[in-house]
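Undergrad:
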Amino acid sequence: MKTKKQVERETQYLDLDLPFNVGNVPEFFQVLALMRGKMHGLRVICIDICDEYCTMKFNQVEVRFEKIDNTWMLSYKNGEEPIKIDDPEKSIIDHLWFVLKDPRLRLGSIMLKIEKTDMDLERLNLLFQSMLDSIDHQIRTGQLHMSGFNEDTLFSLLKRINPKKFTRIDFNIAWKKDGNYQKLEEIVELDQWKQASYIYTDEFTYSKINDLLHCSGRKLQYKYC
């Protein structure tokens with residue numbers, strides 16, 4: 001029997017005015033996610049978006065979005081028949097939201113990677129940012145590895161992370177605008193950036209050397225220093 005407080009807390013996510021709610025996530029995933037580590041016991045969450053598939057992994061739970069004969073299908077490694085989905089970008093973010101919305105969650109690292117995909121990347125970035133805005137607590141993690149998302153998404157996610165015990169940023173950004181100095185200036189002023197002891201990127205960056213002096217480890221290429 002759920003307590004009144006539990007019912008009220010779950011009901012708030014069913015508000016039709018919100019772009020994200022538990023009704024958008026298959027019940028099988030909800031049960032599986034809650035069973036494996038009770039959410040707050042997770043160590044790593046990983047999303048990998050490639051040419052015609054996407055995987056989301058955490059604590060032996062694997063969600064797979066795959067394009068078969070021009071149709072996107074959703075399946076789970078742990079069971080259940082594949083489900084046809086019309087909106088893969090939204091479904092990916094819905095699953096991620098379901099995990100991140102728990103304020104008890106503690107993660108060792110968040111790993112997000114886009115290589116090549118037929119998905120609408122602009123929309124995927126906007127959905128990601130909207131999802132982060134809908135979370136009313138800071139996400140506790142020690143590391144962020146992010147590749148292929150744009151600078152606005154990096155800013156939104158860093159801003160949502162709890163800076164306490166946050167140690168590492170590893171990023172390769174698909175810049176919306178080449179040399180987006182204004183957004184970069186906002187990023188390097190975040191407490192999360194200043195807290196990180198290790199900052200790495202394999203791409204050219206517009207960061208100034210003064211933005212990295214607090215780091216004990218760094219690997220960057222410079223266009224302007």
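If you read the sequence shown in full-length UniProt numbering, its first letter stands for residue 1, the second for the next number, and so on. No residue lacks a Cβ here, since even glycine has one placed at the ideal position from N, Cα and C.
(1) Please report the residue range of the beta strand (DSSP E) in which Ser75 lies.
(2) Is Asn172 helix, strand or coil when you go by DSSP?
(3) Would the beta-carbon of Tyr76 fall within 8 Å of that of Glu62?
(4) Compute the Euclidean distance between the alpha carbons of Cys161 and Leu132, then round it to the nearest angstrom.
(5) Please classify Gly108: is it buried, with 16 or more other beta-carbons within 10 angstroms of its beta-carbon, or exposed?
(6) What residues in its chain sit with their C-beta under 7 Å from that of Leu18, if we drop five residues either side in the sequence?
(7) Distance check for Asn59 and Cys50, CA to CA, integer angstroms please.
(8) Reducing DSSP to helix, strand and coil, say where Gln182 ends up.
(9) Could you name the residues of the same chain whose beta carbon sits closer than 8 Å to that of Asp120, not counting the 5 residues immediately before and after it, in chain order?
TA: Let me lay it out:
(1) Here the question's residue 75 lines up with position 75 in the sequence shown. Note, Ser75: beta strand (DSSP E), Thr71 to Tyr76.
(2) Here residue 172 refers to the residue found at position 172 of the sequence shown. Reduced to three states, the DSSP call for Asn172 is strand.
(3) As a working mapping, residue 76 is identified with position 76 in the sequence shown. As a working mapping, residue 62 is identified with position 62 in the sequence shown. Contact: yes.
(4) Numbered from its first residue, the sequence shown carries residue 161 at position 161. Numbered from its first residue, the sequence shown carries residue 132 at position 132. The amino acid occupying residue 161 in the given sequence is Ile; Cys does not appear at that position. Ile161 and Leu132: Cα-Cα distance of roughly 10 Å.
(5) For the purposes of this step, residue 108 is identified with residue 108 of the sequence shown, where counting begins at 1. The residue is exposed, with fewer than 16 neighbouring Cβ atoms inside 10 Å.
(6) Along the sequence shown, one-based indexing puts residue 18 at 18. Low confidence applies here, because Leu18 scores a pLDDT of 47, under 50, leaving its location unreliable; read the following figure in that light. The answer, listed in chain order, is Ser134.
(7) The residue given as residue 50 occupies position 50 in the sequence shown. The residue given as residue 59 occupies position 59 in the sequence shown. Each residue's alpha carbon lies about 21 Å from the other.
(8) In the sequence shown, the residue the question calls residue 182 occupies position 182. Helix at Gln182.
(9) Residue 120 sits at position 120 when you count from the first residue of the sequence shown. The residues are Glu89.
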